Structures are given as C-alpha cells and as structure tokens.
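Colleague: Residue numbers (this note's numbering): 16 to 227.
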C-alpha cells in the first residue's frame, strides 16, 4: 500500500482504504520558529556529533555541515550541524535506515525546494513520498528555496497511524535538501486519524450495501 499525493492535495490529513482496512496519514506543520519535535520519547538525530548515529545506518550522497556553504544553507534558527543532500554530486539520495519500525517521523525542513523529495519505505517498499512543492502546501507556503522565510522553513510531523515504515529517503535533484532534528517513534494513533478512518470505513460499507 502506497500513499501518493498529487500537487492539489492541500489538506492536513487523508485516509486511504486498502483491502477493506483504513490507513491514515496525518501531516502537521509546527509554528514558524519551531525547530524540534514535540513528540515525547522520540529518537532524535541532531547531527551535532558529525554523524547520524541515531539511525542504524545512513548511506548515499550527503554531507553534514556545521554552517552554510556555497551549495547549501543552514536552516534558520540552527547554529549547529545539519544534513545536506546531495553532496558531492548535484543530484542524489540519502538512505536513512531506522533499525526499527516506526509510525511517526518529524524533521526541520530548511529552504524547501521543489526538487526535494522525502520518501518513506517499509521492508523495501515505498509507502509514501512528497516533493517540496507538495509539502509546502501544508504551511501554506512556497517551495522556492527561501532561506529565511517561515513559508519555506518549517518543522513537519508525519503520523502514519497503523502504517509502519523502517527507512527514510531524502532525494534532491539540485543543491540542496537541508534538514535537521530528525525524530522517529512508534506512537499511539492520533484521535484525528482514528475518527477519519472510522468515517471513511463507514462510507465504504454504506456504499457496498447500496451496490448490493
């Protein structure tokens, strides 16, 4: 099962039904200036050690910078290390393996660009992906790479409910995809997701009865 989000998707939650079961995804954007997760007990990677040790493994085309460079910009409000994709190539992907299953992920996404893509995988299969253009609609904002405006620099939370993931991919087809303060955890399904799933399941059952 895979969540695909078209560019017109501007709501903060959507429920998709597969094989008679409901799987919901809730995305929230924190207020401008918030740079860390609000989820208690989450595993947090700040990259301040110069590595990504909170993850089981991190491979691919990326660099951990401690300041702005000619190819990437330190996200506003961050005065320490951050992850930048790609590097040294102009187009590339970072593969971040959790080493566990999770249904929540958060990250501070700096200077959002249209050519940035965030994807989630479970056992090698992609379950959801978002371009910078798509994710900027949750602010609402613009994926124009602005390095200072809150309309293109925000902390995002992804609550997957019953859908699990075990790997995160950050891809950029240009300089750069800058992020910091990654967080992942297994959390109870938010009430919003449960209500949406219940409502959608009811509609599906009603439609089946009507067709019968």
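Glycine included, every Cβ here is placed at the ideal spot set by N, Cα and C.
Please read all numbers here as calculations on a predicted model, not as lab measurements.
Is it the case that the Cβ atoms of residue 79 and residue 55 are separated by a distance below 9 Å?
Modeller: No, the pair does not count as a contact, with Cβ atoms beyond the cut-off.
Colleague: What is the rounded straight-line gap between the Cα of residue 109 and the Cα of residue 62?
Modeller: Those two C-alpha atoms are separated by around 14 Å.
Colleague: What separation, rounded to the nearest whole angstrom, lies between the Cα atoms of residue 176 and residue 116?
Modeller: Going by the C-alpha atoms only, they are around 12 Å apart.
Colleague: Counting pairs of Cβ atoms below 8 Å between the region 38-46 and the region 153-166, do you hit three or more?
Modeller: Cβ pair count under 8 Å is three or more, so yes.
Colleague: Do residue 44 and the ligand MG come close, with the Cβ less than 8 Å from some heavy atom?
Modeller: Among the components of this structure there are no ligands whatsoever, and the ligand MG is therefore not found.
Colleague: Quick one: which unbroken beta strand (DSSP E) runs of 3-plus residues sit fully inside the region 96-180? Chain order, please.
Modeller: 97-100, 107-117, 119-125, 131-137, 140-146, 169-174, all fully within the region 96-180.
Colleague: Skipping 5 residues on each side, what residues in its chain have a beta carbon closer than 8 Å to that of residue 59?
Modeller: Here the set comprises 51, 52, 69, 196, 197, 198.
Colleague: Is the CB-CB distance between residue 200 and residue 178 below 9 Å?
Modeller: No, the pair does not count as a contact, with Cβ atoms beyond the cut-off.
Colleague: So, are the CB atoms of residue 192 and residue 132 less than 9 Å apart?
Modeller: It is a contact, given that the beta carbons lie within the stated cut-off.
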